[in-house]
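Undergrad: Here it is, the structure, as structure tokens.
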Amino acid sequence: MSPYGAAGPGAPAHPRRREPRAAPRRVPETSGEPRADGRRPGGGRRHLAVRRRGGRLPRPAAVYLRASPRGGPAPGSARRGEGRSLAASRRPRTEMVICCAAANCSNRQGKGEKRAVSFHRFPLKDSKRLIQWLKAVQRDNWTPTKYSFLCSEHFTKDSFSKRLEDQHRLLKPTAVPSIFHLTEKKRGAAGHGRTRRKDSRKASGGLRGRASEADGKGTAGSSSSSENPMAKPESLKSRRAARQERVRQSPQGPPGDALDTTVSSSRAAASAPTRDVGDDSATSPDGGLVDKSGISKDDFTPPGSGACKFIGSLHSYSFSSRHTRERPSVPREPVDRKRLKKDVEPSCSGTSLGPEKGLAQSPPSSSLTATPQKPSQSPSAPPTDVTPKPAAEAVQSEHSDASPMSINEVILSASGACRLIDSLHSYCFSSRQSKSQVCCLREQVEKKNGELKSLRQRVSRSDSQVRKLQEKLDELQKAGTSRPSLPPPSREPPKMNPVVEPLSWMLGTWLSDPPGAGTFPTLQPFRYLEEVHISHVGQPVLNFSFNAFHPDTRKPMHRECGFIRLEPDTNKVAFVSAQNTGIVEVEEGEVNGQELCIASHSIARISFAKEPHVEQITRKFRLNSEGKLEQTVSMATTAQPMTQHLHVTYKKVTP
Ligand code: HEM
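FYI, in my numbering the residues of the sequence shown are 75 to 729.
So, in structure tokens, the structure goes:
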């Protein structure tokens, strides 16, 4: 018996199988398909089956869903040695062929050397590990189901351990696939490497005969004899050939095909695409991929915006499934055989059924698939479609045994389903959180952009102000240069008036060198610096200025300026001076050669001049042999007789 129960989805319980149930036999665990959790696939289901055969549990139609119409061993099914013969004799007419879900991997059960490749379920109940697997598989828009497997070629050697008793290869519970050939061109809408599965298959219902293999030659409606629960098992090759032959003969499938009948009973549209019962998925009538269990690929591929809605539907489904299980058992047949048709949940049955096909419908307590209960019935969600008519009879009889047992109980087993759903919720929340962060960052960027824009505007305004100020400054400068001014000085120095020629040796700028020496009986000797300018402007007069500074601090000290006049054609000189001490004086004298001796003629002062007042002043200028100008000043105050007050030698610094 198939570990999936009495039959597969395309090969529901054969009527004959109802008899041997009284003698439950344990199927040897000879399957070469160790599961990821180390148990043999289907082990639990076998246990379930044994229980059912013991009469304790009915055999719900859901169980049939797990079998494969391909004739190949279902996961966990016995297929070797002693167990093989036993399993072969008991296994369903239709069995599932396990295919590797990895992209660009064509491994499937039965292909190549036995035991060379093993297949391992996705750890659906271990969300953390499931995420690792999914990351490794890198299939876009694809969600693994209970019927998804990875072959052993995607695991490193150390991912496996060997069972002690028989050296059977087991996948370690912590194993994560890591070997993929993702660079090859992806095929199929879901990025999966096998196009043979779905795209070319069509059916009028959820389950129909196999359509084609990877060559895409298959068409809708075909089914092999092996898929016919009334037919004997045959090899995959022969079934395939026969199927293809039928496909050529009748794209819609032979009218008498039991499986087609079944399919049509579960699907409204007779020409709608079908799925291969033995495959993991097939095309739904609307072209969507339909899982082996009748689950549309779209059902497990929620749109981005409806993720939570989708997950919520999973929860809803889970609760619904539990509720269904808790419902009272269905009355025994044949009384309820008609009722069975009525009780079919509209949301699962899809559409109208043929007169004899109605029996193929699952009772409401035998929801066959894990398809989430969507608000609106999707043509790609054929929960009960997968129950062939023959199975219905079996179901009827078994329903009468005890409370119905749905495969959902296996697929969405109590804690596992919720954990899976919760993990999906976690995914969803995580995604939302990431989106929220992105939105937050985007807002910050926009805010910064706004600030940047504001700063640029301010800079622009500042630039404008700078330009205006610059223009103003230019205007002011222009106005300044246009201000009336004295005529520019002549490039040539003014011609000296001949009158002052006798004093020409005094012309020029002179600097004290060395510093002048100050003395007076009432004063401490002192030193000073002095600069002397004696010039003319062409007039018969010399202009002079004497400016003394402190030798150390360079602070201004005594200052005086005035004019020197010569009486024309004489050597008589008049020296007129105004001093910063508030004294004005006139000295007169003679110039002889390069020596000028003058004495005060009149002295006047301000009313508040400091005392002692100077009463007499004499000066002597001479140009020494070194070309230096010397000056000696003597004075008499009201308190001191005539005494030298200053002596200084000047060095000429300009012509
Ligand atoms: C012809 C020109 C000058 C006259 C008539 C003159 C007159 C006087 C008189 C009347 C005094 C007061 C003396 C006293 O207190 O007993 C005096 C003091 C002094 N004179 Fe002159 N002086 C002349 C030029 C200068 C110059 C060129 C210096 C150079 C720095 C100078 C430096 C001083 C100093 C430092 C004192 C002592 C401090 C003071 O009383 O302010 N004098 N001078």
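The beta-carbon is built from N, C-alpha and C at its ideal position, and this holds for glycine as well. Just so you know, these numbers come straight off a predicted model, no measurement behind them.
Under the three-state reduction of DSSP, which class applies to Cys514: helix, strand or coil?
TA: Working through the sequence shown from its first residue, we reach residue 514 at position 440. Helix at Cys514.
Undergrad: Cβ atoms of Val707 and Leu720: under 7 angstroms apart, would you say?
TA: Counted from its first residue, the sequence shown places residue 720 at position 646. Counted from its first residue, the sequence shown places residue 707 at position 633. For Leu720 and Val707, yes; Cβs fall inside 7 angstroms.
Undergrad: Does the beta carbon of Ala678 fall short of 6 angstroms from some heavy atom of ligand 1?
TA: Within the sequence shown, residue 678 is the residue found at index 604, counting from 1. No; taking the cut-off as 6 angstroms, the Cβ of Ala678 has no heavy atom of ligand 1 nearer than that.
Undergrad: Determine the extent of the beta strand (DSSP E) in which Ala38 is found, giving its start and end residues.
TA: Outside the displayed range of the chain (75 to 729) lies residue 38, so it cannot be described from this structure.
Undergrad: For Ser578, I'd like the list of residues in its chain whose CB is within less than 7 angstroms of its CB, leaving aside the five on either flank, ordered along the chain.
TA: On the sequence shown, residue 578 is found 504 positions in, with the first residue counted as 1. Excluding residues within five positions, the ones whose Cβ falls inside 7 angstroms are Met570.
Undergrad: Indicate the three-state DSSP secondary structure (helix, strand or coil) for Met716 in the structure shown.
TA: Position 642 of the sequence shown, counting from 1, holds the residue named residue 716. Note: Met716 maps to coil in three-state DSSP.
Undergrad: What does the Cβ neighbour count give for Ser233, buried or exposed, with the cut at 16 atoms within 10 Å?
TA: As a working mapping, residue 233 is identified with position 159 in the sequence shown. Result: buried.
Undergrad: Below 6 angstroms, is the gap between the Cβ of Val650 and the nearest heavy atom of ligand 1?
TA: Reading the sequence shown from its first residue, position 576 is the one you call residue 650. No, the Cβ of Val650 stays beyond 6 angstroms of every heavy atom of ligand 1.
Undergrad: When every heavy atom of ligand 1 is checked, does at least one fall within less than 6 angstroms of the C-beta of His632?
TA: If you number the sequence shown from 1, residue 632 lands on position 558. Under cutoff, so the answer is yes.
Undergrad: May I ask whether a heavy atom of ligand 1 can be found less than 6 angstroms away from the beta carbon of Val606?
TA: Locating residue 606 in the sequence shown gives position 532, counting from the first residue. No; taking the cut-off as 6 angstroms, the Cβ of Val606 has no heavy atom of ligand 1 nearer than that.
Undergrad: Using a threshold of 7 angstroms, state whether the C-beta atoms of Glu659 and Ile677 are closer than that.
TA: Looking up residue 659 in the sequence shown gives position 585. Looking up residue 677 in the sequence shown gives position 603. Yes, the pair counts as a contact, with Cβ atoms nearer than the cut-off.
Undergrad: Strictly by DSSP, which residues pair up with His721?
TA: The count along the sequence shown starts at 1 and reaches residue 721 at position 647. Answer is Ala591 and Thr706, bridged to His721.
Undergrad: So, do the stretch 627-634 and the stretch 573-588 have three or more beta carbon pairs nearer to each other than 8 angstroms?
TA: Touching, no, given that fewer than three Cβ pairs across the two stretches are closer than 8 angstroms.
Undergrad: In the DSSP output, what is Val660 paired with across the bridge?
TA: Counted from its first residue, the sequence shown places residue 660 at position 586. Val660 is bridged to Val650 and Ser676.
Undergrad: Which one or two residues does DSSP pair with Tyr602 in a beta bridge?
TA: Position 528 of the sequence shown, counting from 1, holds the residue named residue 602. DSSP lists Gly590 as partners of Tyr602.
Undergrad: Are the stretch 685-695 and the stretch 708-718 in contact at 8 angstroms, needing three or more beta carbon pairs?
TA: Cβ pair count under 8 angstroms is three or more, so yes.
Undergrad: May I ask you to check if the CB of Ile672 is nearer than 6 angstroms to at least one heavy atom of ligand 1?
TA: Numbered from 1 along the sequence shown, position 598 holds the residue referred to as residue 672. Flag unset: Cβ of Ile672 not near ligand 1.
Undergrad: Do you know how far the Cα of Thr655 is from the Cα of Lys684?
TA: What you label residue 684 is simply residue 610 of the sequence shown in a count that begins at 1. What you label residue 655 is simply residue 581 of the sequence shown in a count that begins at 1. Near 8 angstroms, if we compare the C-alpha coordinates of Thr655 and Lys684.
Undergrad: Report yes if the C-beta distance between Pro247 and Ala210 is below 7 angstroms; otherwise report no.
TA: In the sequence shown, the residue the question calls residue 247 occupies position 173. In the sequence shown, the residue the question calls residue 210 occupies position 136. No, the Cβ-Cβ distance between Pro247 and Ala210 is not below 7 angstroms.
Undergrad: I want to know whether the stretch 588-606 touches the stretch 550-560 - three or more CB-CB distances under 8 angstroms.
TA: Result no; under three Cβ-Cβ pairs closer than 8 angstroms.
Undergrad: Any beta-carbon of chain C closer than 7 angstroms to the one on Asn617?
TA: As a matter of chain content, chain C is missing from the structure shown, which is built from one protein chain.
Undergrad: Can we count Ile638 as close to ligand 1, meaning its CB is less than 6 angstroms from some heavy atom?
TA: By 1-based counting over the sequence shown, the position of residue 638 is 564. Ile638: no, Cβ never under 6 angstroms from ligand 1.
Undergrad: Quick check on this structure: which residue in Arg182, Ile172 and Ile495 has the alpha carbon closest to the alpha carbon of Leu204?
TA: Counting from 1 along the sequence shown, the entry for residue 204 is found at position 130. When each option's Cα is compared against that of Leu204, the closest is Ile495.
Undergrad: Could you pull the DSSP bridge partners for Gln690 from this structure?
TA: Reading the sequence shown from its first residue, position 616 is the one you call residue 690. Looking at the DSSP assignment, Gln690 forms a beta bridge with Ala710.
Undergrad: Span of the alpha helix (DSSP H) holding Lys202?
TA: Within the sequence shown, the letter at position 128 stands for residue 202. Note, Lys202: alpha helix (DSSP H), Ser201 to Val211.
Undergrad: Could you name the residues of the same chain whose beta carbon sits closer than 7 angstroms to that of Gln206, not counting the 5 residues immediately before and after it, in chain order?
TA: For the purposes of this step, residue 206 is taken as the residue at position 132 of the sequence shown. Answer for Gln206: Val250, listed in chain order.
Undergrad: What three-state label does DSSP hand Ser151 in the structure shown?
TA: As a first step, residue 151 must be located in the sequence shown, where it is residue number 77. Confidence at Ser151 is low in this model, with a pLDDT of 39, below 50, so its placement is unreliable and the value that follows should be read with caution. Ser151 falls in the coil class under three-state DSSP.
Undergrad: Specify, as a first and last residue, the run of the beta strand (DSSP E) that Lys236 falls within.
TA: In the sequence shown, counting from the first residue as 1, residue 236 sits at position 162. Unbroken beta strand (DSSP E) run through Lys236: Phe234 to Lys236.
Undergrad: Please report how far the alpha carbon of Asn181 lies from the alpha carbon of Ser508, in whole angstroms.
TA: By 1-based counting over the sequence shown, the position of residue 181 is 107. By 1-based counting over the sequence shown, the position of residue 508 is 434. So the alpha carbons of these two residues sit roughly 37 angstroms apart.
Undergrad: With H, G and I counted as helix, E and B as strand and the rest as coil, what does DSSP make of Asn523?
TA: The count along the sequence shown starts at 1 and reaches residue 523 at position 449. Residue state, collapsed to three classes: helix.
Undergrad: Is there at least one non-hydrogen atom of ligand 1 closer than 6 angstroms to the beta-carbon of Ala553?
TA: The residue you call residue 553 lines up with position 479 of the sequence shown. Checking the Cβ of Ala553 against ligand 1 gives no.
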